[in-house]
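If you read the sequences in order, they're chains A and B.
Going left to right, the first sequence walks through residues 1 to 272 as UniProt numbering numbers them.
Going left to right, the second sequence walks through residues 1 to 194 as UniProt numbering numbers them.
Written out below as structure tokens is the structure these notes cover.
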Amino acid sequence: MISDVIDNEQVEILLNDVLENHGYDFLEYSPASIKRRIIRLYGLDNFVSFAEFRYTVRTDKQYFKRFLEEITVNVTEMFRDPSFYRSLRNDVLPVLGTYPFIRIWVAGCSTGEEAYSLAIVLKELNLLHKSLIYATDINPSVLEKAKKGMFPLTYLKQYSENYLQSGGLKDFSAYYTANYSLAKFDESLSSKMIFSTHNLVSDHSFNEFQLILCRNVLIYFDKELQHKVFNLFDSSIEKLGYLALGSKESLEFWPKAREYKRVKMEKIWRKL
Amino acid sequence: MAQTIGSTSCEALVIGGSAGSLDVLLEVFPALRNDIRFPIVLVVHRKASNESLLTDLLKSRTTLAVGEADEKEFLLPGKVFIVPADYHMLIEEDRSISLDYSEKVNYSRPSIDVTFQSAAEVFKEKLVCILLSGSNSDGVEGLKCVNSFGGRAVIQNPNTAIMPYMPQQAVLNVKPHIILDSHDMADYINKLND
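Spelled out as structure tokens, the structure:
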């Protein structure tokens, strides 16, 4: 990848076009990351000039779908960071289990691997029947994949190891049926999920939750946008509810962080 | 600002390594002077687990501050930043760190290419990148990019590398500023301070 085919000014022009023509605001994303994604896509799709690329992104609705899917990072994993899931299983969900009804928001769920992981833990704690998982993403096409609950079979060995390390109680293969190259996860898991588009940059709070899970999404935002999103989460978490972030993300510099208490060593905070 | 043409002061050092690079790092770090005036970034391929092992090993061998790179943290002079396992690391124009969990590059995350390229754009001719031992070709494209922005591409002499493939690929494809034996590396880095 040659990193000077598109310069910073052109990135800004493109992102302004995207906001004006499609209503998606990427202007507060971390500049280096978004630039890298743009240059990557430009190369993947063999554009020959910035003008051509810009015109296509601006005017071609079909291509914009691809742009949206490729510009955002959709890499995810089931039971990523097993110690995090162990803490959810042992420290967080049993507390939520004392409520009559559990509402969880997986923000930036991508293709759904985290939502399905969460549903499996809820099921093993016998809490899934009274839970509802709202799984949202900016990107409609990844939500279509998430709804299907089918993940490439080649990853399942890793997921199964993660699951066991996180304190999983069963044979992981009990949760899916292998079908050619895909593993189709049990529909009892997705029956407790609601999928919907939601843009963390521009959309508002839509409910109150006892747990919000948003992992490896905020690393792509600049500091100001991170703080805006923390405020959005703050207005969407009940008192004594939990906020869970990715392994390198932190509430640290957010002014209201004092009103949250860290749960052990994991990136989980409880609202006081 | 008085900046003479050909000024070669170093404002950032990025070291990339894979299999066999740990031995070099463990040899180099104890010999580094303690008043290094630029940040040092380490991109080392390793398993996603046993997270803090590399950090702990290096901490015990240098007086420089060593830590895992945190997102949005600023690259400070005299500090060693280790790119966390399973993330790519990019550098912003304001010299803060962005972490990225996107697709692997050269089957690697962190990828050396990603950080070399990003650093090249920001630090241009004030950048020094060193590519160490390894058995894939990550880092080679990155070094090309460093050259094109006027930075210095330094390669470990493949004959002194436990896994010579990576530095060999670099020597074949990139015009190096210098090729260094592993035991000359600490001295070279110390002199970047002058």
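Where a beta carbon is used, it is the ideal one built from N, C-alpha and C, also for glycine.
Given the structure is predicted, the values throughout are model-derived calculations rather than measurements.
Taking Cβ positions only, does residue i come closer than 7 Å to chain A?
i: residue 138 of chain B; result: no
i: residue 3 of chain B; result: Below a pLDDT of 50, predicted positions are generally treated as unreliable, and residue 3 of chain B, at 40, falls in that range; no measurement from the model is reported.
i: residue 101 of chain B; result: yes
i: residue 111 of chain B; result: no
i: residue 98 of chain B; result: yes
i: residue 135 of chain B; result: no
i: residue 143 of chain B; result: no
i: residue 13 of chain B; result: no
i: residue 118 of chain B; result: yes
i: residue 9 of chain B; result: no
i: residue 71 of chain B; result: yes
i: residue 92 of chain B; result: yes
Excluding the five sequence neighbours on either side, which residues of its own chain have a C-beta within less than 6 Å of the C-beta of residue i, listed in chain order?
i: residue 196 of chain A; result: 136
i: residue 57 of chain B; result: none
i: residue 68 of chain A; result: 139
i: residue 46 of chain B; result: 85
i: residue 2 of chain B; result: Confidence at residue 2 of chain B is low in this model, with a pLDDT of 41, below 50, so the placement of that residue is unreliable and no value is reported for it.
i: residue 229 of chain A; result: 200
i: residue 93 of chain A; result: 125
i: residue 127 of chain A; result: 97
Go ahead and label residue i buried or exposed: buried means 16 or more other beta carbons lie within 10 angstroms of its beta carbon, across all protein chains shown.
i: residue 62 of chain A; result: exposed
i: residue 193 of chain A; result: buried
i: residue 183 of chain B; result: exposed
i: residue 198 of chain A; result: buried
i: residue 173 of chain B; result: exposed
i: residue 195 of chain B; result: As shown, chain B starts at 1 and ends at 194. That puts residue 195 of chain B outside it, with no answer to give.
i: residue 241 of chain A; result: buried
i: residue 253 of chain A; result: exposed
i: residue 5 of chain B; result: Note that residue 5 of chain B scores 44 on pLDDT, short of 50, meaning its location in the model is unreliable; the coordinates nonetheless yield the value given after this. Classification for residue 5 of chain B: exposed.
i: residue 112 of chain B; result: buried
i: residue 249 of chain A; result: buried
i: residue 110 of chain B; result: buried
i: residue 9 of chain A; result: exposed
i: residue 93 of chain B; result: exposed
i: residue 258 of chain A; result: exposed
Near residue i, which residues of its chain fall below 7 Å by C-beta distance, leaving aside the five closest residues on each side in sequence?
i: residue 156 of chain A; result: 183
i: residue 135 of chain B; result: 18, 19, 163, 165, 166
i: residue 246 of chain A; result: 215, 216, 219, 267
i: residue 23 of chain A; result: none
i: residue 169 of chain A; result: 124
i: residue 79 of chain A; result: 85, 117, 159, 162, 163, 166
i: residue 153 of chain A; result: 178, 181, 182, 183
i: residue 39 of chain B; result: 12, 75, 76, 77, 79, 81
i: residue 72 of chain B; result: 96, 97
i: residue 116 of chain B; result: 14, 16, 129, 139, 142, 143, 145, 146
i: residue 14 of chain A; result: 38, 54, 57
List the residues that DSSP assigns as beta-bridge partners of residue i.
i: residue 101 of chain B; result: DSSP lists no partner for residue 101 of chain B.
i: residue 137 of chain A; result: A:197
i: residue 68 of chain B; result: B:82
i: residue 131 of chain A; result: A:102
i: residue 152 of chain A; result: A:182
i: residue 176 of chain A; result: A:185
i: residue 154 of chain B; result: B:130, B:178
i: residue 214 of chain A; result: A:245
i: residue 261 of chain A; result: A:270
i: residue 108 of chain B; result: B:105
Between residue i and chain B, is there a C-beta pair that is closer than 7 Å?
i: residue 217 of chain A; result: no
i: residue 248 of chain A; result: yes
i: residue 75 of chain A; result: yes
i: residue 157 of chain A; result: no
i: residue 239 of chain A; result: no
i: residue 184 of chain A; result: no
i: residue 223 of chain A; result: yes
Please list, in chain order, all residues of the same chain as residue i whose beta carbon is under 8 Å from its beta carbon, the five residues on each side excluded.
i: residue 111 of chain A; result: 74, 76, 142, 145, 146, 151
i: residue 47 of chain A; result: 53, 56
If you run the structure through DSSP and keep just helix, strand and coil, what is residue i?
i: residue 255 of chain B; result: Limits of chain B in this structure are 1 at one end and 194 at the other, which puts residue 255 of chain B out of reach.
i: residue 16 of chain B; result: strand
i: residue 227 of chain A; result: helix
i: residue 109 of chain A; result: coil
i: residue 270 of chain A; result: strand
i: residue 241 of chain A; result: strand
i: residue 56 of chain A; result: helix
i: residue 196 of chain B; result: There is no way to answer for residue 196 of chain B, as the model of chain B reaches only from 1 to 194.
i: residue 67 of chain A; result: helix
i: residue 88 of chain B; result: strand
For chain D, find out if any of its Cβ atoms is closer than 7 Å to the Cβ of residue i; answer yes or no.
i: residue 32 of chain A; result: This model lacks chain D altogether, as its protein chains are A and B.
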